Every structure is written in C-alpha cells, then in structure tokens.
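Novice:
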Amino acid sequence: MKTDWWKNAVLYQIYPRSFQDSNGDGIGDLKGITSRLPYLAKLGIDAIWLSPVYKSPMDDNGYDISDYEDIAPEFGTLADMEELIAEGHKHGIKMVMDLVLNHTSDEHPWFQEALKGPDNPYHDYYVWADEPNELTSAFSGSAWEYVPHLNKYYLHLFSVKQPDLNWKNPKVKEEIYDMINFWLDKGVGGFRLDVIDLIGKEPDQLITADGPELHNLIKELNQATFGSHDVVTVGETWSANTDNAKLYSNPDGSEFSMVFQFEHILLDQKGPDKWDLAPLKPADLHAVMSKWQTELVGKGWNSLFWDNHDLPRAISRFGDDSSAYREISGKMLAIYLHFLSGTPYIYQGEEIGMVNYPIADISEADDIESRNMYAERIAAGYSKEDLLRSINTKGRDNARRPVQWSSEPGAGFTTGTPWLAIHENHSWLNVENALADEHSLFYTYQELIRHRKTYPCLAQGQYERLEAGNPQVLAYRKFDENDEFIVIVNFGKGDQAYQLDYDISDYEFFMQNYADQSTKLRPYEALVFKK
Ligand code: TEU
Ligand code: CA
Numbered sequence: 013m014k015t016d017w018w019k020n021a022v023l024y025q026i027y028p029r030s031f032q033d034s035n036g037d038g039i040g041d042l043k044g045i046t047s048r049l050p051y052l053a054k055l056g057i058d059a060i061w062l063s064p065v066y067k068s069p070m071d072d073n074g075y076d077i078s079d080y081e082d083i084a085p086e087f088g089t090l091a092d093m094e095e096l097i098a099e100g101h102k103h104g105i106k107m108v109m110d111l112v113l114n115h116t117s118d119e120h121p122w123f124q125e126a127l128k129g130p131d132n133p134y135h136d137y138y139v140w141a142d143e144p145n146e147l148t149s150a151f152s153g154s155a156w157e158y159v160p161h162l163n164k165y166y167l168h169l170f171s172v173k174q175p176d177l178n179w180k181n182p183k184v185k186e187e188i189y190d191m192i193n194f195w196l197d198k199g200v201g202g203f204r205l206d207v208i209d210l211i212g213k214e215p216d217q218l219i220t221a222d223g224p225e226l227h228n229l230i231k232e233l234n235q236a237t238f239g240s241h242d243v244v245t246v247g248e249t250w251s252a253n254t255d256n257a258k259l260y261s262n263p264d265g266s267e268f269s270m271v272f273q274f275e276h277i278l279l280d281q282k283g284p285d286k287w288d289l290a291p292l293k294p295a296d297l298h299a300v301m302s303k304w305q306t307e308l309v310g311k312g313w314n315s316l317f318w319d320n321h322d323l324p325r326a327i328s329r330f331g332d333d334s335s336a337y338r339e340i341s342g343k344m345l346a347i348y349l350h351f352l353s354g355t356p357y358i359y360q361g362e363e364i365g366m367v368n369y370p371i372a373d374i375s376e377a378d379d380i381e382s383r384n385m386y387a388e389r390i391a392a393g394y395s396k397e398d399l400l401r402s403i404n405t406k407g408r409d410n411a412r413r414p415v416q417w418s419s420e421p422g423a424g425f426t427t428g429t430p431w432l433a434i435h436e437n438h439s440w441l442n443v444e445n446a447l448a449d450e451h452s453l454f455y456t457y458q459e460l461i462r463h464r465k466t467y468p469c470l471a472q473g474q475y476e477r478l479e480a481g482n483p484q485v486l487a488y489r490k491f492d493e494n495d496e497f498i499v500i501v502n503f504g505k506g507d508q509a510y511q512l513d514y515d516i517s518d519y520e521f522f523m524q525n526y527a528d529q530s531t532k533l534r535p536y537e538a539l540v541f542k543k
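In this note's numbering, the protein residues as written are 13 to 543.
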C-alpha cells in the first residue's frame, strides 16, 4: 500500500565519507553510520539519503560507480549495508539510496567491455561519436574523450572517468531496472536520482537536460521499479522549473515523489557559472521560494533544502558564519524553511551549524570540480586570489569536511588521520556541545521536526506571501482548515523596521530564535505566530 509517508517526513543527508569513521582509517563508513543512528533518532528524522556507497574508484567520491550491487570496501560490505537498513528500521529510519543512472565509472565492467570495440555487446551501453562537438563537461573542458584504438570519442558530461550511459539502448534500461529492484528487495526506503534530467540527452543536437524523451523514460523507470512500492523518490534536476516540476512530482505518482530544484541556489552568481560570485538579494530569494510554494501546492510536491554535498554550508552562504550570529542565523534559516510546504532535507552538520572551511592554497582542495576549474581559469589568466575566493565561497569541499562530533583530535569522527582536514573550530563547534546546550540549533531542528509531526499545515498547508515593507524582511502565512501560522524573518545583519500587510492581532506568539522578545526585529531574528 502507498502511504505517501514522505509527505510528513524530514530527511537527513549523509555524505558517508565524512560522517563517522569506525575503524580509524580516516574515512567514514557504514558501521560508523549505524553507530550514530540513536543520535539521528533523537533529532527526529524519518529517513537518510545516503550519498553513493557503491564500489567506485572515487574519482568523484562515489558518483563514479564501478559496481551498483556492491559496497566500496572503504565503506564496508553488503552485509554492513543490510545491517544499516535493519538497524535503521529499529529506529524508525529508512535508507534512501543514491542512484547514479546518467553515467558509470570508466572502471565499470560495462565500459571496459565497451572499449573492446563496436562489435562488443556492451559498446552501445555508452554514447559514442566520430567527431566531438562543443558540449562541455560540468567539470571543465570538452565532454568528449578520444579513444585512439577505436578512433572514436565517448561522451562524459562529468569527469573523463564518468562515461555517459546510452539510455536509447533497451539493454541499459533492463540492467538499471534489475539493479533498482535488487535494492528494493533489500528494503530500502527510496532513491535520490542523480542528474536524472540528463538521461534523455540528444548530444548531436547539443541537448543535455530535458531531452524530448525524458518524461517517458522516467515513467517507464517508475513502472518497472519503484512505482509499485511505498518509497520516496527525489530526482536531482538542476534544470527544473515550476512547469516541469509538476510533471516530475505529479500527484498521480507516475514519475517521482519530488525533485530537487535549484532556482534559489542560482541567485548569488553572475551569469551561468557558479564561480562568478554575486551578492544575494533576500527579496529575490523570497520571490523564488514563494513562486515554488504557490505553484506546486496541490499540483506537485516541493523538496526544501539550503545545502547538500555540492553546495556551501547554509549559514556561510545565507546567514553569518563569523560572529555571535552564527547560531541565530542558522535558526532563522531553519525556521523559514521548515514552515514551508514540502519535504525538508537536513545536510549532515547543518543541525549544529557547521560552517565553510576556507583554504589558502589549491593543494588543500580535494574536489574534482574545484581543482579542474582552478587549473582551467589559472591558464585563462584569472588571479589565484579571485579563484580561492570563489572556491571558499562555493566549493564543494566546504560541506564535505568531516562532521564535528566532539572537541577531541579527530573531532570524534576518526581516531586516525581524516581523509580531508577537519575545521579547527571543532574545539567548540561540535555535536557534544550542541547536545549539552538546551538552546542550541540542534534543539531548534528537533523542535521544528516535532512541529511538522503535530501540525500537518506545515508540510501540506496553503502558502500566502506577505509584504513587510522592507526588502530584508521575509514574511508568509501558512494555513489549513485547522491551523494558521505567520512566519517573519530578518535576513539582514542589522535591526529592521517592518510593517506587515496583514493583521496578526489575533495571533499568539509561537516560536522564535532569540531568548527574549523585542519590539524591533534584530539581526537574523525569526518570529512565528499562530492563530
Ligand atoms: O551533481 C550534479 C551536478 O550537475 C554538479 O556538477 C553540480 O552542478 C555541481 O556540483 C554544483 O556545484 C550530481 C552530484 O550531486 C554530484 O556530487 C556529482 O559530482 C555529479 O552529479 C555527477 O554525478
Ligand atoms: Ca573507516
């Protein structure tokens, strides 16, 4: 039976490499995750989206898969994965696997066979061309790689070690369906589908996202696999707009439960490239969020998130990471997001307010995207300072630093040498301290998750944008037949005056992020009222 449990759920994303190491090799692993389930149960989350744990040469930290039905040895074994699923169920936590269906690793046996030549049955599992065209890789340079012994090029929209699968080949689809059913049989709670908007690509026509067959491919996938199961599915779709999001998350269940859309994430850049920084205007953010809330309610389903393993830390990006307002701004962001309709995602460490990790030299970077961009732009004459500013603001390593559990050396993440350096602020910014302080950000998240369980209005209510007469002040009303809430947040660093275009005199105070009340709206202050 389909319960749509995910509508009232809160998901938590784990980047396994950086969550918890259990054997001192400096790399997070499955046993480490299992050991932290009680912590996640205390937070109150319903499911974990697990970034890829499959066998992989780790060129893109697991988003390059060489065996979809086995676990990378550094993360553990298939038995460890089964144990994690079973232990999760005991804590009421489901496991949502990451499906990378657009490409495999070049070390996947399919690609190794494909390289043997056009007569090999696996050759057409991938996308080949006699001549490259102008398509570029998300990780810099051409999207085509020449294979001398075949005198042909293969397509890789990501790294050279991530050849694109050919979704026009029915055999590819069958293999993928079998693999997804393998994981459904193991009792997983659903899937996050990596760059799924790319699988309908038409490279000859320079079409990558939103190809003409995309929604048909997704419907077929749904019917052959998860469509009949009570699981959550969330597609990662950088190209999503409110029109196609209604197709992807059609309430008839023919595609996915929801998609990750990125319109609010693209506001603090100049032009198409995330590295070209621009200041964020809070009013623009509110306009985008309001649009998605208004357009999708009843016609689709929203995912709600500030950050993930590809994005900078939420507080560093949208709040204030360097002052007394770190936790206050973190609470403001949490409150603004968790009263919206849809399913919220918390990225590991967000619940304690972890912040970006600035580097002083490119040698401190691990991420392939940052390293390739740096090399390309240095060659094009950019200054080192500018590029490091971009990486420190937007680079993917920021969110991939190990989770800070305690003040010990290794931050309670590892007893060995961490695979990626840990932020020095773990001496005070850590889970142990967060749990010991009843006013910490952790307990704000816990409270918000509890409210979502108590008031269906939070996940499913109607949304109305309110005007506050101040571009730094964002306000909205959420309501259903039982409850009504007003959320008012100050996205700015200073005190703000505001005048709401809505009468809240019959509302009562419900929650806030400061310890006391004030007549003005203080920096990053968030207020919630309830009727
Ligand atoms: O990310 C999709 C993607 O397009 C990224 O390149 C994204 O644009 C970029 O990281 C933003 O800075 C997914 C995964 O989430 C990412 O980790 C993978 O590297 C990528 O797909 C390839 O699988
Ligand atoms: Ca380990």
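Don't be surprised by glycine CBs; every beta carbon is placed ideally from N, CA and C. Nothing here was measured: the structure is a model prediction, and the numbers come from that model.
1. Taking the alpha-carbon of S341 as reference, which of A326, E459, D33, T405 has the nearest alpha-carbon?
2. Would you say A150 touches ligand 1, meaning its beta carbon is less than 8 Å from a heavy atom?
3. DSSP beta-bridge partners for T148?
4. Excluding five sequence neighbours on each side, which residues of the same chain lie with their C-beta closer than 7 Å to the C-beta of E225?
5. Given this structure, state the Cα-to-Cα distance separating N73 from V300, to the nearest angstrom.
6. Following a CB-centred definition, is Q174 positioned closer than 8 Å to any heavy atom of ligand 1?
7. In terms of residues, what are the limits of the alpha helix (DSSP H) holding P50?
8. Figure out for me which residue from Y189, I26, S152 has the closest Cα to the Cα of F87.
9. Hey, D76 and P85: beta-carbon distance below 9 Å or not?
10. Do T426 and ligand 2 come close, with the Cβ less than 8 Å from some heavy atom?
11. My output table needs one value for K67: the three-state DSSP class, helix, strand or coil.
12. Is the segment 269-276 in contact with the segment 304-314, if contact means three or more CB pairs nearer than 8 Å?
13. Starting from the Cα of T237, find the closest Cα among S251, S266, K164 and give me that residue.
14. Helix or strand or just coil, what does DSSP make of D296?
15. Please confirm whether any heavy atom of ligand 2 lies closer than 8 Å to the CB of N35.
16. Is it the case that the Cβ atoms of Y357 and G56 are separated by a distance below 9 Å?
17. Figure out for me which residue from N384, N502, A471, Y337 has the closest Cα to the Cα of E496.
18. Is I60 helix, strand or coil by DSSP?
19. Shortest alpha-carbon distance to Y166 belongs to which of G473, G129, S439, K396?
20. How big is the Cα-Cα spacing for I45 and K54?
21. Classify A509 as helix, strand or coil using the three-state DSSP reduction.
22. What are the start and end residues of the alpha helix (DSSP H) that includes D409?
Specialist: If we stick to the structure as given:
1. Selection A326, E459, D33, T405 evaluated against S341 yields A326 as nearest (Cα-Cα).
2. yes
3. S154
4. Same-chain partners within the cutoff: G212.
5. 31 Å
6. yes
7. 49-55
8. I26
9. no
10. Yes, Cβ of T426 sits closer than 8 Å to a heavy atom of ligand 2.
11. Strand.
12. yes
13. S266
14. helix
15. yes
16. no
17. A471
18. Strand.
19. The candidate whose alpha carbon is nearest that of Y166 is G129.
20. 14 Å
21. coil
22. Per DSSP, the continuous alpha helix (DSSP H) segment holding D409 begins and ends at 409-412.
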